[in-house]
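Undergrad: One structure is given below, represented as structure tokens, and several questions about it will come after.
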Amino acid sequence: MSYETIVYEVNEHIATITLNVPDKRNPLTAQLTTELMDAMQRADEDEDVRVMILTGAGKSFSAGGNLEEFKSNFTKPIPELHFDGRKSTELFKMGETLRTPLIASVNGAALGGGTGLVAMSHIAIASRTAKLGLTELKLGIVPYVILPWVRRAVGDRKAMEMMLSADILSADEAAERNLVHRVVEHEDLEKETWELAQKVASNSPLAASLALDAFYTTEQMDLQKSFDYLSTLRLVSFRSEDLKEGATAFLEKRKPEWKGK
1 MSYETIVYEV NEHIATITLN VPDKRNPLTA QLTTELMDAM QRADEDEDVR
51 VMILTGAGKS FSAGGNLEEF KSNFTKPIPE LHFDGRKSTE LFKMGETLRT
101 PLIASVNGAA LGGGTGLVAM SHIAIASRTA KLGLTELKLG IVPYVILPWV
151 RRAVGDRKAM EMMLSADILS ADEAAERNLV HRVVEHEDLE KETWELAQKV
201 ASNSPLAASL ALDAFYTTEQ MDLQKSFDYL STLRLVSFRS EDLKEGATAF
251 LEKRKPEWKG K
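According to the numbering used here, the sequence shown is numbered sequentially starting from 1.
Below is the structure:
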């Protein structure tokens, strides 16, 4: 797929995906969502990619849903609305199925669906100038699609407050609620994000994939069953080339050369 609303680049095992409609604050239009899903899947399937960075061009990360597209919903028949709605959830379902670490580099306003992308990411680092929030109720709608991720990120009580107040949070307030992991000065964001991505990419790509598998698969499991599943998954690690290489490199005091196998 050729991209018109995003930029996709791979360098040093790191795929950078930039939402690239800055004049409209990078809204999650149908086209941008489709291209973003394709790029994330592309990175996830690329054996050379060990980590993804998601960021926005211009002053915004993403302003969320596109109001012009929302207007078309007013006259659609209910069956069409139903299936369009199911389609719109596919992007956020990917957060649980990706097996390549995803870092959100929040360069500016991340509202509504933009906040959902931040909550869905595995690690989020934000500029001190960033703003985040569930602003949907101000428009007479509910954050249906993104609520599960925000709830998991901040907890039930904070998610309820964010949803009902529709307040816009500063980056520091978002960090206090665990919506982002770290806040840095705006001019340092790109450098800090890249250094974090390099740190993640320096680890075994197979182990990173298995770690995400372990985290998400056992999230809703019965405790005893989760131990059984993790014991089975552990066998993959113990017979992997990456574990042999990691252990050998440690003993030889050198950097490991990962195969991802």
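Ideal placement from N, C-alpha and C gives every residue a C-beta, glycine not left out.
Keep in mind it's a predicted model, so treat the numbers as computed, not measured.
In the structure shown, what three-state DSSP assignment does E9 receive?
TA: DSSP places E9 in strand when its eight states are reduced to three.
Undergrad: Could you check whether the segment 139-146 touches the segment 116-124, counting it as contact only if at least three pairs of C-beta atoms, one from each stretch, sit closer than 8 angstroms?
TA: A contact is defined here as three or more CB-CB pairs under 8 angstroms, and the segment 139-146 meets this definition with respect to the segment 116-124.
Undergrad: Just to confirm the assignment, what range does the beta strand (DSSP E) spanning S165 have?
TA: Run containing S165: none in the beta strand (DSSP E); it sits in the alpha helix (DSSP H), D156 to S165.
Undergrad: Determine the closest residue to K138 out of A153, L164 and A124, with distance taken between C-alpha atoms.
TA: L164
Undergrad: For S231, which of helix, strand or coil comes out of DSSP?
TA: helix
Undergrad: Who are the near neighbours of A214 in its chain, counting only those whose CB is closer than 7 angstroms to its CB and skipping five residues on each side?
TA: L230 and L233
Undergrad: Within 10 Å of its beta-carbon, does L102 have 16 or more other beta-carbons around it, so buried, or fewer, so exposed?
TA: buried
Undergrad: Starting from L134, trace the beta strand (DSSP E) both ways and give me its first and last residue.
TA: Looking at the DSSP string, L134 is not in any beta strand (DSSP E), and its letter there is neither H nor E.
Undergrad: By how many angstroms is the C-alpha of I14 removed from the C-alpha of L196?
TA: L196 and I14 have their C-alpha atoms some 11 angstroms from each other.
Undergrad: When you compare each of T33, E12, E252 and E47 to G260 by their alpha carbons, which one comes out closest?
TA: Checking every option, the nearest Cα to that of G260 belongs to E47.
Undergrad: DSSP three-state call for R42: helix, strand or coil?
TA: DSSP places R42 in helix when its eight states are reduced to three.
Undergrad: Apart from the five residues on each side of it in sequence, which residues of its chain come closer than 6 angstroms, Cβ to Cβ, to T55?
TA: T18, S105 and N107
Undergrad: Starting from V142 and walking both ways along the alpha helix (DSSP H), at which residues does that stretch end?
TA: Where V142 is concerned, there is no enclosing alpha helix (DSSP H), given that its DSSP letter is neither H nor E.
Undergrad: Which first and last residues belong to the alpha helix (DSSP H) in which G246 is found?
TA: First-last of the alpha helix (DSSP H) with G246: E241 to L251.
Undergrad: Measuring straight from C-alpha to C-alpha, what distance separates L111 and R239?
TA: 44 angstroms
Undergrad: Is the segment 28-47 close to the segment 167-180, with three or more CB pairs under 8 angstroms?
TA: no
Undergrad: Please state whether the Cβ-Cβ distance between A43 and I6 is less than 8 angstroms.
TA: no
Undergrad: Output needed for S204: all residues of its chain with C-beta closer than 7 angstroms, excluding positions within five of it in sequence on either side, in chain order.
TA: Hits under 7 angstroms: D242, G246 and W258.
Undergrad: Quick one: is K131 buried, meaning 16 or more other Cβ sit within 10 Å of its Cβ, or exposed?
TA: buried
Undergrad: Could you tell me the boundaries of the alpha helix (DSSP H) in which V21 lies?
TA: Per DSSP, V21 belongs to no alpha helix (DSSP H) and is neither H nor E.
Undergrad: Heavy atom of the ligand COA less than 7 angstroms from the Cβ of Y216, yes or no?
TA: In terms of ligand content, the structure shown is empty, and the ligand COA therefore cannot be addressed.
Undergrad: Got a sec, what are the start and stop residues for the alpha helix (DSSP H) S204 sits in?
TA: Looking at the DSSP string, S204 is not in any alpha helix (DSSP H), and its letter there is neither H nor E.
Undergrad: Can you name, in chain order, every residue of its own chain whose Cβ lies under 6 angstroms from the Cβ of L98, other than the five neighbours on each side?
TA: Once the five neighbours on either side are set aside, the close Cβ partners of L98 are D44.
Undergrad: Exposed or buried, which one is E80 when buried takes at least 16 other CB atoms within 10 Å?
TA: exposed
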